[in-house]
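In full-length UniProt numbering, the protein residues as written are 4 to 185.
A quick write-up on the structure given underneath.
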Ligand code: PRP
Ligand code: MN
Ligand code: MG
């Protein structure tokens, strides 16, 4: 079937649940950045959906920017080498930066971005993430603002892809193993 729902084994987080979580995190961020003017940085491409929902729940004067970093994959396992594919347009020196991510898995992507922005002189770098897949972490890094702990399964939707597809599924679901096991 060409229907996006047909590759989903089960729904994990519904559109309504995600909307509630964006409200909850938005309140936390409104309090955390009160009186400041952070740069909100979306990590392309997965974070775009979460970013637009979360940002509208933040009652804070803030700038918006994007960065695209990617890990070079040597086959199925990540090599751990990460490069900047598309850089920020803003200077982060002496700025408070909030990175928005859809998911933290091994933590390598977040660690790379955090190190990069701190090296450029950011005053603070924190991260808001929808899904924290703690079981897969290989580096010692914890996002400060977390929507949900994520089970150690292949998740798609709400920005998250499998081989470039399914980002536009409006909820978060578990991909059917038959879709990636040949
Ligand atoms: C995915 C996801 C996170 C990152 C998490 O991005 O959106 O950014 O992987 O993985 P890690 O914690 O193991 O580094 P991906 O690099 O697939 O790019 P995309 O956002 O364009 O899908
Ligand atoms: Mn990503
Ligand atoms: Mg991806």
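Ideal Cβ placement from N, Cα and C applies to all residues, glycine included.
- To which residues of the same chain is residue 127 closer than 6 Å at the C-beta, ignoring the five residues directly before and after it? 99
- Query: Is residue 28 near the ligand PRP, going by C-beta to nearest heavy atom under 6 Å?
  - Reply: no
- Query: Just curious, the alpha helix (DSSP H) that residue 29 is in, first and last residue?
  - Reply: 18-35
- Message: DSSP has residue 85 in a bridge; who is on the other side?
- Response: For residue 85, DSSP records a beta bridge to 74.
- Query: Nearest CA to the CA of residue 7: which residue from 180, 172 and 38?
  - Reply: Nearest of 180, 172 and 38 to residue 7, Cα basis: 172.
- Message: Checking 7 Å against the spacing of the C-beta atoms, do residue 68 and residue 92 come in under that value?
- Response: Yes, they are a contact pair.
- Task: Please specify which runs of the alpha helix (DSSP H), each continuous and at least 4 residues long, are wholly inside the region 79-158, giving them in chain order.
- Result: Here the runs fully enclosed are 111-122.
- So is residue 154 buried or exposed if we call it buried at 16+ other beta carbons inside 10 Å? exposed
- Query: Do residue 42 and the ligand PRP come close, with the Cβ less than 6 Å from some heavy atom?
  - Reply: no
- When DSSP builds the beta bridges, which residues end up paired with residue 49? Per DSSP, none; premise fails for residue 49.
- Message: Out of 163, 158 and 167, which one is the CA nearest neighbour of residue 178?
- Response: 158
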